[in-house]
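Top to bottom, those sequences are chains G and P.
Read left to right, the first sequence gives residues 1 to 273 (UniProt numbering).
Read left to right, the second sequence gives residues 1 to 180 (UniProt numbering).
Don't be surprised by glycine CBs; every beta carbon is placed ideally from N, CA and C.
These notes concern the structure reproduced below.
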Amino acid sequence: MSADPTQVLAFETDCHIFNGCGFPAPGLHSFLFKPLWGDGDSNLYFNKTMLLALLGSIVIVGFFWVAFRKPKVVPGKFQMVGEAAYDFVRRGIVYETIGKREGEKYVPFMVSLFFFVWMMNLWSIIPVAQFPVTAIISYPLVLAVIVWFTWIILTFKRHGFVGFFKNVTGYDPTIGPVLPLSMSIEFFSNILVRPFTHAVRLFANMFAGHTLLLLFTLASWYLLNGIGIAYAGVSFVMVLLMTAFELFIQAVQAYVFVLLACSYVQGALAEHH
Amino acid sequence: MNPLVQIAAESENPLFPPIPELVIGLIAFVIVFGFLGKKLLPNINKVLEERREAIEGGIEKAEAAQTEAQSVLEQYKAQLAEARHEAARLRQEAHEQGATLIAEMRAEGQRQREEIVAAGHAQIEADRKAAASALRQDVGKLATELAGKLVGESLEDHARQSRVIDRFLDELEEKAEAAR
Chain G
1 MSADPTQVLA
11 FETDCHIFNG
21 CGFPAPGLHS
31 FLFKPLWGDG
41 DSNLYFNKTM
51 LLALLGSIVI
61 VGFFWVAFRK
71 PKVVPGKFQM
81 VGEAAYDFVR
91 RGIVYETIGK
101 REGEKYVPFM
111 VSLFFFVWMM
121 NLWSIIPVAQ
131 FPVTAIISYP
141 LVLAVIVWFT
151 WIILTFKRHG
161 FVGFFKNVTG
171 YDPTIGPVLP
181 LSMSIEFFSN
191 ILVRPFTHAV
201 RLFANMFAGH
211 TLLLLFTLAS
221 WYLLNGIGIA
231 YAGVSFVMVL
241 LMTAFELFIQ
251 AVQAYVFVLL
261 ACSYVQGALA
271 EHH
Chain P
1 MNPLVQIAAE
11 SENPLFPPIP
21 ELVIGLIAFV
31 IVFGFLGKKL
41 LPNINKVLEE
51 RREAIEGGIE
61 KAEAAQTEAQ
71 SVLEQYKAQL
81 AEARHEAARL
91 RQEAHEQGAT
101 LIAEMRAEGQ
111 RQREEIVAAG
121 HAQIEADRKA
131 AASALRQDVG
141 KLATELAGKL
151 VGESLEDHAR
161 QSRVIDRFLD
171 ELEEKAEAAR
């Protein structure tokens, strides 16, 4: 992740300030990975983010497997933690937005979604991995599209074709002549913009967070020469602060992603007038 | 040219989603959702339900035990009251029986005493009468004998003899009455 996109880590180079070497600023290239397997030119390859995505799945399934494989009425340590995590999403997000009666059916999906997103975000600060998988648009997008389809199908099922149309366009004849305008905006907003914003909100947060971490990490190394050492110290403190901040943002973004998914499902189930 | 630079040039836009990552993302999520949704979360739901029932069952049991304890306590109290009542009744009965017994004994004693006294009186009376009649005969005979000896002849006439004796005795008794 240096200026030269040959995937060398910053401290593997000897690039420091006052050495006649420019700052290896992070950029879009920081989010591109050389395939671990296959050919980057074709669509048949396997890279670091894919590895992390699959590993993350295994970590989540592994944790819940240990916690919930043979659950007991009197829980063990892992089960206790698992139950607390499960209950957080179930009560704290799903019941709060969709309600207990209707929401129960969507609890497994929302729980999976929350821990999937959170794990993918967490990779950002896990040593060696140190890359948020969700900073690649494909991952948030695929999740947003799943939620979007769920929402569309539910709306159809609940309201029928006409009801779906009214629901999506926010049909309300009482608002008068601006109705066509309002309907087209609502349609555009709900059908096209919604999955995009849902995905991009998560992606952009993780992208920006990773860029900030990279910036301060690279700067700490780059400034480590002569008088620059003092600045390197400041930069390193920023690395630590940003890491803590990222830890917080990762959880918040996972929460927001699932909260939005729940509110979409709730909108599909609600009666529309 | 480095292929990565090419990729960077082609997909300069980070919002352009690479297809293989989409596929892997989908697969990764399906793995998580599959395991959690099909097996692990139903597992824990069952246990949470069991736990809820166990807690509610425990409360019910405790309530039942309390009710039973209450009823046993009431039963015990009732028995205690009954026993006290019974004891009081028995004591009263014994008291009454004792009083009756004492009264009976007293009456019996009284009766026996009276009987003894009466028997004594009758005995004395009989003895006195026997003594009086024996004395009367003896005195008559002695007096007759004495008179015969004094007069020198036997008074043949028994009837006259008797009359004289009786008159003499009556005089004696009169004197005794007067002397008393």
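> Using the beta-carbon count (16 or more within 10 Å), is P/E177 buried or exposed?
Replying inline: Stepping through the second sequence from its first residue, residue 177 of chain P is reached at position 177. Label assigned to P/E177: exposed.
>> Distance cutoff 8 Å, beta carbons only. Does P/V72 sit that close to anything in chain G?
In response: Along the second sequence, read from residue 1 onward, the residue named residue 72 of chain P stands at position 72. So no, P/V72 is outside the interface.
>> List, in chain order, every chain G residue whose beta-carbon is nearer than 7 Å to that of P/A54.
In response: Counting from 1 along the second sequence, the entry for residue 54 of chain P is found at position 54. Think of a sphere of 7 Å around the beta carbon of P/A54: the chain G residues whose beta carbon falls inside it are V73, in chain order.
>> Our contact map puts G/M183 next to G/G163 with C-beta atoms below 8 Å; I'd like the distance itself, whole angstroms only.
In response: As a first step, residue 183 of chain G is located in the first sequence; it is residue number 183 there, counting from the start. As a first step, residue 163 of chain G is located in the first sequence; it is residue number 163 there, counting from the start. Incorrect: roughly 14 Å between the Cβ atoms, too far for contact.
> Along the chain, which unbroken stretches of the beta strand (DSSP E) at least 3 residues long are found entirely within the segment 89-128 of chain G?
Replying inline: Entirely contained in the segment 89-128 of chain G, not one beta strand (DSSP E) run reaches 3 residues.
> Using the beta-carbon of each residue, which ones in chain P are nearer than 9 Å to G/W65?
Replying inline: Sequence index remark: in the first sequence, residue 65 of chain G carries index 65 (1-based). Result: F35, K39 and L40.
> G/F46 by DSSP, collapsed to three states: which one?
Replying inline: Within the first sequence, numbered from 1, the residue matching residue 46 of chain G stands at position 46. Secondary structure of G/F46 (DSSP, three-state): strand.
>> Can you look up G/G170 in the DSSP assignment and give me helix, strand or coil?
In response: Mapped onto the first sequence, residue 170 of chain G falls at position 170. Reduced to three states, the DSSP call for G/G170 is coil.
>> Against G/Y86, what residues of chain P qualify as contacts under a CB-to-CB distance less than 8 Å, listed in chain order?
In response: As a position in the first sequence, residue 86 of chain G is number 86, starting the count at 1. L41 and I44, listed in chain order.
> How many Å lie between G/Y265 and G/W148 at the Cα?
Replying inline: The residue labelled residue 265 of chain G in the question sits at position 265 within the first sequence. The residue labelled residue 148 of chain G in the question sits at position 148 within the first sequence. In the sequence as displayed, the identity of residue 265 of chain G is Val instead of Tyr. Approximately 9 Å between the Cα atoms of the pair.
>> On the CB-based measure, 16 or more other CB atoms within 10 Å of its CB, does G/F23 come out buried or exposed?
In response: Here residue 23 of chain G is taken as the residue at index 23 of the first sequence, counted from 1. Taking every protein chain shown into account, the CB of G/F23 has fewer than 16 other CB atoms within 10 angstroms, so this residue is exposed.
> Can you tell which of G/I152, G/L52, G/N19 and G/V239 has its C-alpha closest to the C-alpha of G/F187?
Replying inline: The residue you call residue 187 of chain G lines up with position 187 of the first sequence. Of the candidates G/I152, G/L52, G/N19 and G/V239, the one whose C-alpha sits nearest the C-alpha of G/F187 is G/I152.
> To the nearest angstrom, how far is it from the Cα of G/V133 to the Cα of G/I126?
Replying inline: The sequence position of residue 133 of chain G within the first sequence is 133, counting from 1. The sequence position of residue 126 of chain G within the first sequence is 126, counting from 1. Across the structure, G/V133 and G/I126 are spaced so that their CA atoms are roughly 12 Å apart.
>> Between the alpha carbons of G/C262 and G/R201, how many angstroms are there, rounded?
In response: Within the first sequence, residue 262 of chain G is the residue found at index 262, counting from 1. Within the first sequence, residue 201 of chain G is the residue found at index 201, counting from 1. Rounded to whole angstroms, G/C262 to G/R201 spans 16 Å at the Cα level.
> So, does the CB of G/T49 fall closer than 8 Å to a CB anywhere in chain P?
Replying inline: Translated into positions along the first sequence, residue 49 of chain G becomes position 49. True, the Cβ-Cβ gap to chain P drops below 8 Å.
>> Since G/A67 and G/F78 should fall inside the 8 Å C-beta cutoff, what is the C-beta to C-beta distance between them, to a whole number of angstroms?
In response: The residue given as residue 67 of chain G occupies position 67 in the first sequence. The residue given as residue 78 of chain G occupies position 78 in the first sequence. Between G/A67 and G/F78, the beta carbon gap of about 4 Å places them in contact (Cβ cut-off 8 Å).
> If you pair each beta-carbon of the segment 225-238 of chain G with each one of the segment 98-116 of chain G, do three or more pairs fall below 8 Å?
Replying inline: Flag = no, the segment 225-238 of chain G and the segment 98-116 of chain G do not touch.
> What are the boundary residues of the alpha helix (DSSP H) that includes P/R51?
Replying inline: Against the second sequence, residue 51 of chain P aligns to sequence position 51. L41 to V151 is the span of the alpha helix (DSSP H), which, as asked, contains P/R51.
> What residue range is occupied by the uninterrupted alpha helix (DSSP H) comprising P/D170?
Replying inline: Within the second sequence, the letter at position 170 stands for residue 170 of chain P. Secondary structure note for P/D170: its alpha helix (DSSP H) is the uninterrupted segment H158 to A179.
> Can you find a C-beta in chain P that's less than 8 Å from the C-beta of G/G99?
Replying inline: The residue you call residue 99 of chain G lines up with position 99 of the first sequence. Answer no: the Cβ-Cβ gap between G/G99 and chain P never drops below 8 Å.
> Rounded to the nearest angstrom, how far is the Cβ of G/V61 from that of P/V32, given a contact under 8 Å?
Replying inline: Looking up residue 61 of chain G in the first sequence gives position 61. Looking up residue 32 of chain P in the second sequence gives position 32. Confirmed, about 6 Å.
>> My output table needs one value for G/C15: the three-state DSSP class, helix, strand or coil.
In response: Here residue 15 of chain G corresponds to residue number 15 of the first sequence, with the count starting at 1. The answer is coil: DSSP assigns G/C15 none of H, G, I, E or B.
> With a cut-off of 8 Å, does the C-beta of P/I59 fall near any C-beta of chain G?
Replying inline: Within the second sequence, numbered from 1, the residue matching residue 59 of chain P stands at position 59. No, its Cβ sits nowhere closer than 8 Å to a Cβ of chain G.
> Are the Cβ atoms of G/I212 and P/F29 separated by less than 8 Å?
Replying inline: As a working mapping, residue 212 of chain G is identified with position 212 in the first sequence. As a working mapping, residue 29 of chain P is identified with position 29 in the second sequence. According to the sequence provided, residue 212 of chain G is Leu. The question's Ile does not apply to it. No, these two residues do not count as a Cβ contact at 8 Å.
> Apart from the five residues on each side of it in sequence, which residues of its chain come closer than 6 Å, Cβ to Cβ, to residue 287 of chain G?
Replying inline: A question about residue 287 of chain G goes unanswered here, because the residues of chain G that appear run from 1 up to 273.
> Listing by chain order, which chain P residues have their CB less than 8 Å from the CB of G/Y207?
Replying inline: Here residue 207 of chain G refers to the residue found at position 207 when the first sequence is read from its first residue. Per the sequence shown, the amino acid found at residue 207 of chain G is Phe instead of Tyr. Result: P14.
>> Which residues of the segment 17-31 of chain G have a Cβ closer than 7 Å to any Cβ of chain P? Give them in chain order.
In response: Here the close residues are L28, H29 and F31.
> For G/G38, does the three-state DSSP call read helix, strand or coil?
Replying inline: Taking the first residue of the first sequence as position 1, residue 38 of chain G is located at position 38. Secondary structure at G/G38: strand, using DSSP grouped into helix, strand and coil.
> Name the chain P residues whose beta carbon is nearer than 8 Å to that of G/I137?
Replying inline: Your numbering for residue 137 of chain G matches position 137 in the first sequence. At a C-beta separation below 8 Å, G/I137 has these neighbours in chain P: P14, L15, F16 and P17.
> Three-state secondary structure (DSSP) at G/P180?
Replying inline: Your numbering for residue 180 of chain G matches position 180 in the first sequence. Secondary structure of G/P180 (DSSP, three-state): helix.
>> Our contact map puts P/L22 next to G/L141 with C-beta atoms below 8 Å; I'd like the distance itself, whole angstroms only.
In response: As a position in the second sequence, residue 22 of chain P is number 22, starting the count at 1. As a position in the first sequence, residue 141 of chain G is number 141, starting the count at 1. About 7 Å; that satisfies the 8 Å criterion.
>> Only counting the same chain, and skipping five residues up and downstream in sequence, which positions put a Cβ closer than 8 Å to that of G/I93?
In response: Residue numbering aside, residue 93 of chain G sits at position 93 when the first sequence is read from its first letter. Cβ contact annotation for G/I93 (same chain, cutoff 8 Å, sequence separation greater than five): M110, F114, Y255, V258, L259 and C262, in chain order.
>> Could you check whether the Cβ of G/L224 sits closer than 8 Å to any Cβ belonging to chain P?
In response: On the first sequence, position 224 is the one that residue 224 of chain G refers to. No - not a single Cβ of chain P is within 8 Å of the one on G/L224.
> For G/S57, does the count of other Cβ atoms within 10 angstroms reach 16, so buried, or fall short, so exposed?
Replying inline: For the purposes of this step, residue 57 of chain G is taken as the residue at position 57 of the first sequence. Around the Cβ of G/S57, a 10 Å sphere holds 16 or more other Cβ atoms; the residue is buried.
> Does DSSP put P/N13 in a helix, in a strand, or in coil?
Replying inline: One-based indexing of the second sequence puts residue 13 of chain P at position 13. In the structure shown, P/N13 falls within a coil segment according to DSSP collapsed to helix, strand and coil.
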